[in-house]
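Numbering (UniProt numbering), first residue to last: 1 to 135. The block underneath contains the structure these notes are about, expressed in structure tokens.
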């Protein structure tokens, strides 16, 4: 193991369990991973912008969602189109906080419709405590 840590590009007996680093392909791998991240966030933002943030009529059943509060913000893309670093703006949500936004919107929707809130607890649905007015 120490041999691999000291020289990750060398072919060693550990190659079968630990890959050796190929400095020729490492930059390409990094670029591809940035492209994948950029494209995934872009697709999610298109859905947020073109579906979630549109006030569809209740007649458009698969897309109708009661927008009783502010529209969901778009995700912050860590990269620009040219894959340079991008700083998040105030109207963008960091991917780490996105699940909190989704949970808050779902909770508000269920409270508005007077539906029970559930969470998964080991694969079993368990009713949450009733929300207080402060939440």
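Beta carbons are placed, not taken as given, at the ideal position from N, Cα and C, and that holds for glycine. The structure presented is a predicted model; accordingly, all values stated were derived computationally and were not measured.
query, result
"Contact check, residue 75 vs residue 50, beta carbons under 8 Å", "no"
"As assigned by DSSP and simplified to three states, the class of residue 54", "coil"
"From 90, 82, 96, 91, residue whose alpha carbon lies closest to that of residue 38", "82"
"Minimum C-alpha distance to residue 77 - residue among 60, 34, 25", "34"
"Identified DSSP bridge partners for residue 92", "74"
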